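Student:
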Amino acid sequence: EELYLSVLLTWGMHDVCASFQYGDYDPNVHKRGFLAQEELLPKRVINLYQMTPEMWEERITAWYAEHRGRARDEAEMEYLKIAQDLEMYGVNYFAIRNKKGTELLLGVDALGLHIYDPDNRLTPKISFPWNEIRNISYSDKEFTIKPLDKKIDVFKFNSSKLRVNKLILQLCIGNHDLFMRRRKADSLEVQQMKAQAREEKARKQMERQRLAREKQMREEAERTRDELERRLMQLKEEATMANEALMRSEETADLLAEKAQITEEEAKLLAQKAAEAEQEMQRIKATAIRTEEEKRLMEQKVLEAEMLALKMAEESERRAKEADQLKQDLQEARESERRAKQKLLEIT
Numbered sequence: 001e002e003l004y005l006s007v008l009l010t011w012g013m014h015d016v017c018a019s020f021q022y023g024d025y026d027p028n029v030h031k032r033g034f035l036a037q038e039e040l041l042p043k044r045v046i047n048l049y050q051m052t053p054e055m056w057e058e059r060i061t062a063w064y065a066e067h068r069g070r071a072r073d074e075a076e077m078e079y080l081k082i083a084q085d086l087e088m089y090g091v092n093y094f095a096i097r098n099k100k101g102t103e104l105l106l107g108v109d110a111l112g113l114h115i116y117d118p119d120n121r122l123t124p125k126i127s128f129p130w131n132e133i134r135n136i137s138y139s140d141k142e143f144t145i146k147p148l149d150k151k152i153d154v155f156k157f158n159s160s161k162l163r164v165n166k167l168i169l170q171l172c173i174g175n176h177d178l179f180m181r182r183r184k185a186d187s188l189e190v191q192q193m194k195a196q197a198r199e200e201k202a203r204k205q206m207e208r209q210r211l212a213r214e215k216q217m218r219e220e221a222e223r224t225r226d227e228l229e230r231r232l233m234q235l236k237e238e239a240t241m242a243n244e245a246l247m248r249s250e251e252t253a254d255l256l257a258e259k260a261q262i263t264e265e266e267a268k269l270l271a272q273k274a275a276e277a278e279q280e281m282q283r284i285k286a287t288a289i290r291t292e293e294e295k296r297l298m299e300q301k302v303l304e305a306e307m308l309a310l311k312m313a314e315e316s317e318r319r320a321k322e323a324d325q326l327k328q329d330l331q332e333a334r335e336s337e338r339r340a341k342q343k344l345l346e347i348t
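Note that the sequence shown covers residues 1 to 348 in the UniProt record's numbering.
(1) Along the chain, where does the beta strand (DSSP E) containing residue 104 start, and where does it finish?
(2) By a C-beta neighbour count over all protein chains shown, 10 Å radius and 16 as the cutoff for buried, is residue 108 buried or exposed?
(3) Going by alpha carbons, who is nearest to residue 159 out of 98, 200, 180?
(4) Could you give the distance in angstroms between the alpha-carbon of residue 334 and the alpha-carbon of residue 244?
(5) Give me the Cα-Cα distance between residue 299 and residue 273, rounded to the nearest whole angstrom.
(6) Do residue 164 and residue 94 count as a contact pair if the criterion is CB distance below 8 Å?
(7) Taking only the alpha-carbon atoms, compute the straight-line gap between residue 308 and residue 318 and give it to the nearest angstrom.
(8) So within the region 132-215, which uninterrupted beta strand (DSSP E) runs reach at least 3 residues, ignoring any that extend past its ends?
(9) Could you have a look at residue 338 and say whether DSSP puts it in helix, strand or coil?
(10) From the DSSP output, in three-state form, read off residue 119 for me.
(11) When you compare only the Cα positions, how much space is there between residue 235 and residue 61?
(12) Helix, strand or coil for residue 111? Go by DSSP, reduced to three states.
(13) Alpha carbon to alpha carbon, what distance is there between residue 263 and residue 229?
(14) What does residue 98 pair with, by DSSP beta-bridge criteria?
(15) Quick check on the DSSP output: the beta strand (DSSP E) that includes residue 129 runs from which residue to which?
(16) Is there contact between the region 162-178 and the region 203-220, where contact requires at least three CB pairs shorter than 8 Å?
(17) Is it buried or exposed for residue 154, if we count other Cβ within 10 angstroms and need 16 for buried?
(18) Leaving out five residues before and five after residue 331 in sequence, what residues of the same chain have Cβ atoms less than 8 Å from its Cβ?
(19) What separation, rounded to the nearest whole angstrom, lies between the Cα atoms of residue 337 and residue 237?
(20) Label residue 106 either buried or exposed according to how many other C-beta atoms from any shown protein chain fall within 10 Å of its C-beta, with 16 as the threshold for buried.
(21) How many Å lie between residue 7 and residue 59 at the Cα?
(22) With a 10 Å radius around its C-beta and 16 neighbouring C-beta atoms as the bar for buried, classify residue 113 as buried or exposed.
(23) Going by the DSSP bridge assignment, what does residue 243 pair with across the sheet?
(24) For my contact list, residue 119 and residue 104 are in at a C-beta cut-off of 8 Å; report their separation, rounded to the angstrom.
(25) Can you tell which of 343, 138, 242 has the C-alpha that lies nearest to the C-alpha of residue 156?
(26) With C-beta atoms as the reference, is residue 147 less than 8 Å away from residue 136?
(27) Using CA coordinates, which residue listed in 92, 267, 313 is at the minimum distance from residue 122?
(28) If you draw a straight line from the alpha carbon of residue 279 to that of residue 296, how long is it in whole angstroms?
(29) Cα separation between residue 5 and residue 224?
Right, here's the structure in full:
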């Protein structure tokens, strides 16, 4: 809350913070809600946007997932790099008053001393870089900054307590020493330490790359195994379905063959009965007719015999056609059975 961060920097810092706090992103471990107990963003940033904590968590988690494979030490270094770029990073603020009694803020950091308006801690009103300061001193509650350039006025201010001036002076001495040390060339010992650090960093990078390759190969092997298992299950299901289809085809072929045989026998029987009816009609016609009554009865019998013969002939023809159709259906069923057997052989 004390540092001013833009929204993008806030997301980035939480992204790298998650990397070194929770390790590498793993969707099986870092599920929804794993950041619920974390203070994700400053209230100032949250109030700028109409987004729920769940939406912020989802956005930060997406950034976290994009940097999968990042090591903890890399995440820590990235976090520090982002933090160092912040305007308020490393600045210690103290409430002071100038000679006129105006309330101001004194900022002490690695670059120098800065005077701020209390309502604006980002942009200093006056800055005194360390390499432009000749002397810093205090007497009781009054603090004095003397620039190297004598044309620039000496800046004096008062703090509320004597111990605050002591703390300010200690911070000034420490930051000034570090500033001067950074301007000097590295000693042989420091150069060796930096070289060792670079070698160690390169070694860790190679190790991470090796682990990443192994992890990728393992994941690919697992995906291949899962795909083969899925394909095997699919082939088993297809084999079962083909076997069931084959059994149905065999049953259908047997039923059609039996029905075709019965229909063919019925057609033969009907043809025989039609022939017998025709013979009976011819016999009746040949019989001598002596009386009119007998003639009428005989004509009726002849008509009935003709109708029966016609009906028998039609039924015989229908049965014959049905038998032919059944034979065709039987042939198709056997062809389906052959295809089913062929498919079953291909699967197995």
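Cβ atoms here follow ideal geometry from the backbone N, Cα and C, with glycine treated the same way. Just so it is clear, the structure is predicted and the values come from calculations on it, not from any experiment.
Tutor: Reading off the structure:
(1) The residue given as residue 104 occupies position 104 in the sequence shown. Segment 103-108, the beta strand (DSSP E) holding residue 104.
(2) Your numbering for residue 108 matches position 108 in the sequence shown. Buried.
(3) Taking the first residue of the sequence shown as position 1, residue 159 is located at position 159. Selected option, being the one with the closest Cα: 98.
(4) Translated into positions along the sequence shown, residue 334 becomes position 334. Translated into positions along the sequence shown, residue 244 becomes position 244. Those two C-alpha atoms are separated by around 15 Å.
(5) Residue 299 sits at position 299 when you count from the first residue of the sequence shown. Residue 273 sits at position 273 when you count from the first residue of the sequence shown. Rounded to the nearest angstrom, the two C-alpha atoms are 21 Å apart.
(6) On the sequence shown, residue 94 is found 94 positions in, with the first residue counted as 1. On the sequence shown, residue 164 is found 164 positions in, with the first residue counted as 1. Result yes, Cβ atoms of residue 94 and residue 164 sit closer than 8 Å.
(7) Position 308 of the sequence shown, counted from the first residue, corresponds to residue 308. Position 318 of the sequence shown, counted from the first residue, corresponds to residue 318. Taking the straight line joining both Cα atoms gives about 15 Å.
(8) 133-139, 142-147, 155-159
(9) Here residue 338 refers to the residue found at position 338 when the sequence shown is read from its first residue. It is helical.
(10) For this step, residue 119 is matched to residue 119 along the sequence shown. Coil at residue 119, not helix or strand.
(11) As a working note, residue 235 is residue 235 in the sequence shown. As a working note, residue 61 is residue 61 in the sequence shown. So the alpha carbons of these two residues sit roughly 40 Å apart.
(12) One-based indexing of the sequence shown puts residue 111 at position 111. Looking at residue 111 - three-state DSSP - the assignment turns out to be coil, as it is neither helix nor strand.
(13) Here residue 229 refers to the residue found at position 229 when the sequence shown is read from its first residue. Here residue 263 refers to the residue found at position 263 when the sequence shown is read from its first residue. Taking the straight line from one Cα to the other gives about 51 Å.
(14) As a first step, residue 98 is located in the sequence shown; it is residue number 98 there, counting from the start. In DSSP, residue 98 forms a bridge with 157.
(15) As a working mapping, residue 129 is identified with position 129 in the sequence shown. From DSSP, the beta strand (DSSP E) with residue 129 extends over 126-129.
(16) no
(17) For the purposes of this step, residue 154 is taken as the residue at position 154 of the sequence shown. When all chains shown are included, residue 154 counts as exposed.
(18) Start at 1 with the first residue of the sequence shown, and residue 331 comes out as number 331. There are no such residues.
(19) Along the sequence shown, one-based indexing puts residue 337 at 337. Along the sequence shown, one-based indexing puts residue 237 at 237. Rounded to whole angstroms, residue 337 to residue 237 spans 19 Å at the Cα level.
(20) Counting from 1 along the sequence shown, the entry for residue 106 is found at position 106. So residue 106 counts as buried.
(21) Against the sequence shown, residue 7 aligns to sequence position 7. Against the sequence shown, residue 59 aligns to sequence position 59. Because residue 7 carries a pLDDT of 45, less than 50, the predicted location of this residue cannot be relied on, and no value is offered for it.
(22) For the purposes of this step, residue 113 is identified with residue 113 of the sequence shown, where counting begins at 1. Flag for residue 113 reads buried.
(23) Residue mapping note: residue 243 aligns to position 243 of the sequence shown, counting from 1. Residue 243 pairs with nothing; no bridge assigned.
(24) Taking the first residue of the sequence shown as 1, we reach residue 119 at position 119. Taking the first residue of the sequence shown as 1, we reach residue 104 at position 104. Between residue 104 and residue 119 the Cβ distance is about 11 Å, and since that is not below 8 Å, they are no contact.
(25) Mapped onto the sequence shown, residue 156 falls at position 156. Cα-wise, what sits closest to residue 156 is 138.
(26) As a working note, residue 147 is residue 147 in the sequence shown. As a working note, residue 136 is residue 136 in the sequence shown. In this structure, residue 136 does not lie closer than 8 Å to residue 147 by Cβ.
(27) As a first step, residue 122 must be located in the sequence shown, where it is residue number 122. The shortest Cα separation from residue 122 among 92, 267, 313 belongs to 92.
(28) Here residue 279 is taken as the residue at index 279 of the sequence shown, counted from 1. Here residue 296 is taken as the residue at index 296 of the sequence shown, counted from 1. Taking the straight line from one Cα to the other gives about 20 Å.
(29) Translated into positions along the sequence shown, residue 5 becomes position 5. Translated into positions along the sequence shown, residue 224 becomes position 224. With a pLDDT of only 44 at residue 5, under 50, the local geometry of the prediction cannot be trusted, and no value is derived from it.
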